[in-house]
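Some notes on the structure that comes next.
See the structure below:
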């Protein structure tokens, strides 16, 4: 489908993001409908209605479904898509603990414990245990035999005892456990509680106003890891496992349990390990994936989501087996890309490969999770660009909070919603990505290379101790991971497109036709085999066929020496008739290229990524500078076959012919790239008109002043998060508010609040949950003031507050309005109540299970100085601000917008921001022009100010986590200890750190 300019300029909701809408409080219909309007204003195309920590409305209760239906109906009228989420929090499968409340449906493990000879003889035996006497050398298994009843192990032998054990109960499942997802009866029970309830209550909305349902992080339970409530010496178990193993593989698993659990001396790969993981994979797919897809298809809704855990071969082995196998059963396969600096880019390539092979035209990514309040629009672009390049066209942003109350404000911030000061500008980001989606719609990648996915080589090496959480500990598995990463990088940095082939999918969906390998609906000219230890016999048969029909098979580096995880020389023999190369960057790129690749020259050649698509007679190309820190000028690019090209600018919707040089049927052009910049080109086999590529205009430099008048969009903020607390005569503090809250909970015998606490709706519903009488707590905050001014106090959860005294004088608890989020009330503080010097603010509240001690925030027209980095002092507001960090100019906690004002610049000015810190910049003149992405350039008429829009990091934190730069932000980030805790405030720089460059290009 040739690109449609009108659709590209203003894409419809089909192409726009649908964020996780965190339903995390007491839900009110009017507020929910208001928030749908906000989603639309922000440029979204819909939302996933997602229960999160803090939900007080009963999950799957009568009111829940009334609100689901109200949102679906209103969303349809607003042309906003409503999507369901199949769980209370995550991972999917328990229905908030209801599905796993019956013990027969709970997850179970097969556990190994090791004993010395005398320890084993002295212990009480379990009735169902199996024991083996093992000879170990340096932790490796040499030999073993089964201990029959009454037989003792020999001297120096270790006794390995195996037994079944249920998973531990956890608050994340509201006191239950995770589900046995390899048990079809258990999964059907989950479906009956969740999906059938939606069918009963939402009825005809399914498939119309409700488009689909998201399943989040289901898995078959952890293997050889402590991650997700597992154990390093345990593997998943389900009733009938041993019988099913013998039926499928023809031998007994229970007689070879030591081989499964230990690394065997001189036998690093074992078939029993490979077979066991394959069985678990099959049982999980048969029990969970297949019935989910079947139910969704029968009820005309789309099955999407993602499974746990994608990032590495090890992570997949530990939690799942192979994720590509699950994608086969999803209508829209999906992934979860957490963190800002996640460099596991093959996550997308795996999912995109399975999606295209199975004929699915959409790929979802749950992205931006755990990235923090400090993210800029450029950061969001950087995280999203490479995913769009590799195939993501359905963006599910993580996360948009219904409320910031309680734990909500610490639930993997930021909130990509109205709580962020930049929410009205965010449409700029959504417009950009939706234009990319629109431009590439219907185009098919020009991809001719299949790379065998080596995940099963990790399966065959698995044992207790092989993994450190979801990372490899075993040296050989680390090498497999490195080869996997290197292969991906060598190919993508050479702009050689490829797709992965999962051996399980190849076994039933792969065949050879006319010298090519067909996987599902995709043909490939050549196959790359590298970084593998073992290969399926079915894969070997396909490769043998491919070579016989004149196809190309490339072996890079070491040739696999195992077939079906058993030693074999067959693959080495086959490799003798194929192409063999060393495992080096140049060898792999040279052998895998077919001459049609896009090329980039100079120092940028490894940083410029590219994908080429075929769309009818046209080609579409996306280029991306993957380097977020470097810009490149005049990079020589060969765009491949074509006679003319046009540039489609996803940032502003403009389209113009590109000035290219044609030689021998290929197009050549020099292109400059800003940091992280993208390019979209439509390439035609017909000649086009003359280039109208925008040219930069020269102009006279306008020098901005050293200091600026300024305007704030919100009152300045002073965070008060240090308190003394008294209850029943006991006193705690001074200490930070969350630590004080835990001290109170210890005193009262209450469980801690946190991201995985039991849900309020569950505790309200279940009488067995312990209730305590409401207690009265006095919380004292202090603030020193050098000047007096009118001020307000922002407080949370005012319904629990009895009284607030400022220096012993009570203030009115009648709010003057809300602040940032409806859970925060603004209370006026009479100026006469304040004094120069130390001021006390004593808040008396009713404290119960659902309460919490939180920060309060002083708001007003003042400045704030931090003494010794930890003691805020109220001072007079600065008359002017200068370039540099505004945190040091009276605004350490401010998180709204600041406008730097100056004398109006007559005419049209071209502005390039230098170094600024904020979500985006806005040029203010006769128009407002958002500068969200590098190189932060724009033109505006009669410029009189530059506005910087901030994130909420310096207001809501984490304010005490050290060091400041962390790979991710989670609820635990707000409760760090030891060297990761700082008594001083840990803040980000904000503001215009350097003067922008201003040129007047058309004076009046």
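In our numbering, the protein residues as written are 247 to 1250.
Heads up, the beta-carbon is just placed ideally off N, CA and C, and yes, glycines get one too.
Residue span of the beta strand (DSSP E) that contains residue 763, given as start and end
Locating residue 763 in the chain shown gives position 517, counting from the first residue. Taken as a continuous stretch (DSSP letters only), the beta strand (DSSP E) holding residue 763 covers 762–765.
When DSSP labels each residue in this structure, what does residue 299 get in the three-state scheme?
Numbered from its first residue, the chain shown carries residue 299 at position 53. Assigned with DSSP and collapsed to three states, residue 299 falls in coil, not helix or strand.
Scan the segment 453–521 and note each continuous beta strand (DSSP E) run of 3 residues or more that stays entirely inside, going in chain order.
Listed in chain order, they are 456–462, 480–483.
Using CA atoms only, rank isn't needed, just tell me which of 1095, 1097, 1102 is closest to residue 1087.
Stepping through the chain shown from its first residue, residue 1087 is reached at position 841. When each option's Cα is compared against that of residue 1087, the closest is 1102.
Give me, in chain order, the residues of the same chain whose beta-carbon lies closer than 6 Å to that of residue 1181; leave out the 5 immediate sequence neighbours on both sides.
On the chain shown, position 935 is the one that residue 1181 refers to. 920, listed in sequence order.
Determine the closest residue to residue 1131 out of 1241, 1043, 320, 1057, with distance taken between C-alpha atoms.
Residue 1131 sits at position 885 when you count from the first residue of the chain shown. Out of 1241, 1043, 320, 1057, the CA that lies nearest to the CA of residue 1131 is found in 1241.
Hey, how far is the Cα of residue 642 from the Cα of residue 264?
In the chain shown, counting from the first residue as 1, residue 642 sits at position 396. In the chain shown, counting from the first residue as 1, residue 264 sits at position 18. Per the coordinates, the alpha-carbon of residue 642 lies some 5 Å from the alpha-carbon of residue 264.
Segment limits, beta strand (DSSP E) that includes residue 264
Mapped onto the chain shown, residue 264 falls at position 18. Counted as a single uninterrupted DSSP element, the stretch harbouring residue 264 is not any beta strand (DSSP E), since DSSP gives it neither H nor E.
What are the uninterrupted segments assigned as beta strand (DSSP E) that are 3 or more residues long and contained completely in the segment 567–601, given in chain order?
Taking only runs of at least 3 residues, the beta strand (DSSP E) segments lying wholly in the segment 567–601 are 580–583.
Find the nearest neighbour of residue 573 within the set 534, 624, 590, judged by alpha-carbon distance.
If you number the chain shown from 1, residue 573 lands on position 327. Per the Cα distances, 534.
What do you get for residue 1084, buried or exposed, if any count of 16 or more other CB atoms within 10 angstroms of its CB means buried?
As a first step, residue 1084 must be located in the chain shown, where it is residue number 838. Residue burial annotation: residue 1084 is exposed, with fewer than 16 other C-beta atoms found within 10 angstroms of its C-beta.
Secondary structure of residue 704, DSSP reduced to three states:
Counting from 1 along the chain shown, the entry for residue 704 is found at position 458. If DSSP states are grouped into helix, strand and coil, residue 704 belongs with the helices.
Which residue wins for smallest C-alpha separation from residue 1165, given the options 537, 545, 351, 624?
Position 919 of the chain shown, counted from the first residue, corresponds to residue 1165. Comparing Cα positions, the closest option is 624.
Helix, strand or coil for residue 665 per DSSP?
In the chain shown, the residue the question calls residue 665 occupies position 419. Looking at residue 665 - three-state DSSP - the assignment turns out to be coil, as it is neither helix nor strand.
What residue ranges within the segment 1142–1193 form continuous beta strand (DSSP E) runs of no fewer than 3 residues, ordered along the chain?
Annotation note: the segment 1142–1193 contains the following uninterrupted beta strand (DSSP E) runs of length 3 or greater, listed N- to C-terminal: 1143–1158, 1166–1170, 1174–1177.
For residue 354, which beta-bridge partners are listed by DSSP?
What you label residue 354 is simply residue 108 of the chain shown in a count that begins at 1. Answer is 412, 483, bridged to residue 354.
Taking the straight line between their C-alpha atoms, what separation do you get for residue 691 and residue 762?
In the chain shown, counting from the first residue as 1, residue 691 sits at position 445. In the chain shown, counting from the first residue as 1, residue 762 sits at position 516. Approximately 17 Å, taken between the alpha carbons.
So, is residue 858 buried or exposed, given that buried needs 16 or more other C-beta atoms within 10 angstroms?
Translated into positions along the chain shown, residue 858 becomes position 612. With 16 or more Cβ atoms within 10 Å of its Cβ, residue 858 is classed as buried.
On the three-pair Cβ rule with 8 Å, is the segment 768–786 touching the segment 794–801?
Yes, they touch.
Beta-ladder partner(s) of residue 553, from DSSP:
On the chain shown, residue 553 is found 307 positions in, with the first residue counted as 1. Beta-bridge partners assigned by DSSP to residue 553: none are found.
Buried or exposed, going by whether 16 or more other CB atoms sit within 10 Å of the CB of residue 756?
For the purposes of this step, residue 756 is taken as residue 510 along the chain shown, with counting starting at 1. Flag for residue 756 reads buried.
Starting from the Cα of residue 383, find the closest Cα among 815, 846, 403, 257 and give me that residue.
Within the chain shown, residue 383 is the residue found at index 137, counting from 1. The residue with the shortest Cα to Cα distance from residue 383 is 403.
Enclosing beta strand (DSSP E) for residue 1119 [first to last residue]:
Looking up residue 1119 in the chain shown gives position 873. Unbroken beta strand (DSSP E) run through residue 1119: 1117–1121.
Please list the terminal residues of the continuous alpha helix (DSSP H) segment that includes residue 537.
Numbered from its first residue, the chain shown carries residue 537 at position 291. Per DSSP, the continuous alpha helix (DSSP H) segment holding residue 537 begins and ends at 536–544.
Using the Cβ count rule (16 or more neighbours within 10 Å means buried), how would you classify residue 898?
Numbered from its first residue, the chain shown carries residue 898 at position 652. Exposed, since its Cβ has fewer than 16 Cβ neighbours within 10 Å.
Does at least one heavy atom of the ligand FMN sit under 6 Å from the Cβ of residue 667?
Of the ligands one can find in the structure shown there are none, so the ligand FMN has no counterpart to examine.
Under three-state DSSP, which class holds residue 1059?
Counting from 1 along the chain shown, the entry for residue 1059 is found at position 813. Under the three-state reduction of DSSP output, residue 1059 falls in the coil class, being neither helix nor strand.
Beta-carbon proximity of residue 769 to residue 803, cut-off 7 Å:
Here the question's residue 769 lines up with position 523 in the chain shown. Here the question's residue 803 lines up with position 557 in the chain shown. Cβ atoms of residue 769 and residue 803: not closer than 7 Å.
Flag this pair as yes or no: are the beta carbons of residue 1215 and residue 618 separated by less than 7 Å?
Taking the chain shown and counting its residues from 1, the one referred to as residue 1215 is at position 969. Taking the chain shown and counting its residues from 1, the one referred to as residue 618 is at position 372. Contact flag set, yes.
Would residue 1239 pass as an interface residue toward chain C - the criterion being a Cβ-Cβ separation below 7 Å?
Given the protein chain composition of this structure (a single chain), no chain C is represented.
Enumerated in chain order, which unbroken segments of the alpha helix (DSSP H) with a length of 4 residues or greater are wholly contained in the segment 821–859?
With a minimum length of 4 residues, the unbroken runs of alpha helix (DSSP H) contained wholly in the segment 821–859 fall at 831–838.
Burial state of residue 1077, where buried means 16 or more other Cβ atoms lie within 10 Å
In the chain shown, residue 1077 corresponds to position 831, counting from 1. Exposed, by the Cβ-count rule.
Runs of 4 residues minimum, wholly inside the segment 335–402: which ones carry the alpha helix (DSSP H) assignment?
Whole alpha helix (DSSP H) segments, 4+ residues: 363–368.
Return the chain-ordered list of same chain residues with a C-beta closer than 6 Å to the C-beta of residue 718, the five sequence neighbours on each side being excluded.
For this step, residue 718 is matched to residue 472 along the chain shown. Answer for residue 718: 560, 724, 727, listed in chain order.
With which residues is residue 187 paired in a DSSP beta bridge?
Outside the displayed span of the chain (247 to 1250) sits residue 187, for which this structure offers no information.
Option in 924, 1155, 1174, 316 with minimal Cα separation from residue 629:
By one-based count along the chain shown, residue 629 stands at place 383. Closest option to residue 629, Cα to Cα, is 924.
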